[in-house]
Amino acid sequence: MASDHDSPVYLLLGATGGIGTAVSHRFADDDAQLILGARTESDVEELAAETGGDAMPLDATELGQVQNAVSHATDTYGRLDGVVNFVGSVLLKPAHLTSLDEYRTQIEKNLDTAFNTVKASARPMMREGGSIVLMTSAVARTGLKNHEAIAAAKGGVTSLMRAAAATYSGRGVRVNAVAPGLVGGSGEAKSRMSEPILNSEAGRKQSEQMHALGRVGEPEDVAPVVTWLL
Numbered sequence: 026m027a028s029d030h031d032s033p034v035y036l037l038l039g040a041t042g043g044i045g046t047a048v049s050h051r052f053a054d055d056d057a058q059l060i061l062g063a064r065t066e067s068d069v070e071e072l073a074a075e076t077g078g079d080a081m082p083l084d085a086t087e088l089g090q091v092q093n094a095v096s097h098a099t100d101t102y103g104r105l106d107g108v109v110n111f112v113g114s115v116l117l118k119p120a121h122l123t124s125l126d127e128y129r130t131q132i133e134k135n136l137d138t139a140f141n142t143v144k145a146s147a148r149p150m151m152r153e154g155g156s157i158v159l160m161t162s163a164v165a166r167t168g169l170k171n172h173e174a175i176a177a178a179k180g181g182v183t184s185l186m187r188a189a190a191a192t193y194s195g196r197g198v199r200v201n202a203v204a205p206g207l208v209g210g211s212g213e214a215k216s217r218m219s220e221p222i223l224n225s226e227a228g229r230k231q232s233e234q235m236h237a238l239g240r241v242g243e244p245e246d247v248a249p250v251v252t253w254l255l
């Protein structure tokens, strides 16, 4: 996108999670202009102070709030080069023990936020091009026990990505998704979603055995893929 603002402008939703934090710092090192969205105001303001980004406390399950963040980018900087949705959640339960509320929460936090990301950002990007990156999961393609709800949600994200890529590619908008396995981390880049699994010794060992490297992923393993796609 061409504008008077030389640095690329990126909107990161769910920016204060493990992968989002790692990506934010990588972009800050490259002097990108960041709009950082997350639900907890204190966390997003702290990350913004560290990276020089704009803090926008928001709930990505609410389309209007995502649209406001997109408008902030275009109104303030005259451009929006890329958007990433890091918002998500994990539920490990077999279907027969999963309540409808739990299932709907997985759909809302994973699939609905992804749809809101595409819907809010596609129109302004169609004018001058851009990139949308969604976060799906290895469980969208690999059958793992006790993952029915999250697999349904992430499978939807993968299909959404493919359809949106076909729809908007002719308008210069790239739509991709990253599908990591379990991601841990430490410090401010620690993934909160994986904590219930990795805090258990049995859960950690089982997870490590499922990965070819013999360890779970780190946010820094995934961050370069996201930045490359943008």
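Everything in the sequence shown is counted per my numbering, starting at 26 for the first residue and increasing by one. Cβ coordinates follow ideal geometry from the N, Cα and C atoms, glycine included.
Among ALA202, VAL251, ASP106, ALA74, whose alpha-carbon lies nearest the alpha-carbon of PRO149? Within the sequence shown, numbered from 1, the residue matching residue 149 stands at position 124. The shortest Cα separation from PRO149 among ALA202, VAL251, ASP106, ALA74 belongs to ASP106.
Within the region 112-176, ranges of the beta strand (DSSP E) (whole runs, at least 3 residues): 155-160
Determine the DSSP secondary structure at PRO82, reduced to helix, strand or coil. As a position in the sequence shown, residue 82 is number 57, starting the count at 1. Correct three-state label for PRO82: strand.
May I have the straight-line CA-CA distance separating ASP29 from GLY154, to the nearest angstrom? One-based indexing of the sequence shown puts residue 29 at position 4. One-based indexing of the sequence shown puts residue 154 at position 129. With a pLDDT of 46 at ASP29, under the threshold of 50, the modelled position of that residue is not reliable, and the figure given next carries that caveat. Near 16 Å, if we compare the C-alpha coordinates of GLY154 and ASP29.
Taking 7 Å as the limit between beta carbons, can you name the residues of its chain near VAL112, skipping five residues before and five after? Taking the sequence shown and counting its residues from 1, one reaches residue 112 at position 87. Once the five neighbours on either side are set aside, the close Cβ partners of VAL112 are LEU38, GLY39, ALA85, LYS134, THR138.
Compute the Euclidean distance between the alpha carbons of VAL108 and THR142, then round it to the nearest angstrom. Residue 108 sits at position 83 when you count from the first residue of the sequence shown. Residue 142 sits at position 117 when you count from the first residue of the sequence shown. Approximately 8 Å, taken between the alpha carbons.
In whole angstroms, what separates the C-alpha of ALA80 from that of THR65? Counting from 1 along the sequence shown, the entry for residue 80 is found at position 55. Counting from 1 along the sequence shown, the entry for residue 65 is found at position 40. So the two alpha carbons sit approximately 10 Å from each other.
Going by DSSP, name the residue or residues bridged to GLY242. By 1-based counting over the sequence shown, the position of residue 242 is 217. VAL208.
Tell whether a beta-carbon distance below 8 Å holds between LEU83 and ALA145. Residue mapping note: residue 83 aligns to position 58 of the sequence shown, counting from 1. Residue mapping note: residue 145 aligns to position 120 of the sequence shown, counting from 1. No; because the gap between Cβ atoms is not below 8 Å, this pair is not in contact.
Pair every Cβ in the region 197-206 with every Cβ in the region 112-121, then say whether three or more of these pairs are closer than 8 Å. no
Restricting to Cα atoms, I'd like to know which of ASP31, GLY42, HIS97 is closest to ILE60. One-based indexing of the sequence shown puts residue 60 at position 35. Comparing Cα positions, the closest option is HIS97.
Using the Cβ count rule (16 or more neighbours within 10 Å means buried), how would you classify PRO33? Taking the first residue of the sequence shown as position 1, residue 33 is located at position 8. Counting Cβ neighbours within 10 Å, PRO33 comes out buried, since at least 16 surround it.
Cβ atoms of ASN93 and VAL158: under 8 Å apart, would you say? Residue 158 sits at position 133 when you count from the first residue of the sequence shown. Residue 93 sits at position 68 when you count from the first residue of the sequence shown. Not a contact, by the Cβ cut-off of 8 Å.
Can you list the beta strand (DSSP E) stretches of 3 or more residues lying completely in the region 34-62, in chain order? 34-38
Going by the beta-carbon positions, is the gap between VAL182 and THR161 smaller than 8 Å? Within the sequence shown, the letter at position 157 stands for residue 182. Within the sequence shown, the letter at position 136 stands for residue 161. Yes. Within cutoff.
Out of ALA53, ALA57, VAL91, which has the shortest C-alpha to C-alpha gap to GLU75? The residue given as residue 75 occupies position 50 in the sequence shown. It is ALA53.
Roughly how far, in whole angstroms, is the beta-carbon of ASP127 from the beta-carbon of ALA174, given that I think they are within contact range, below 8 Å? The count along the sequence shown starts at 1 and reaches residue 127 at position 102. The count along the sequence shown starts at 1 and reaches residue 174 at position 149. At residue 127 the sequence reads Glu, which differs from the Asp that was named. Contact flag correct, Cβ pair sits at about 6 Å.
Reference LEU62; option with closest CA among ASP56, ASP55, SER49: Here the question's residue 62 lines up with position 37 in the sequence shown. In the sequence on display, residue 62 carries Gly and not Leu. Closest option to GLY62, Cα to Cα, is SER49.
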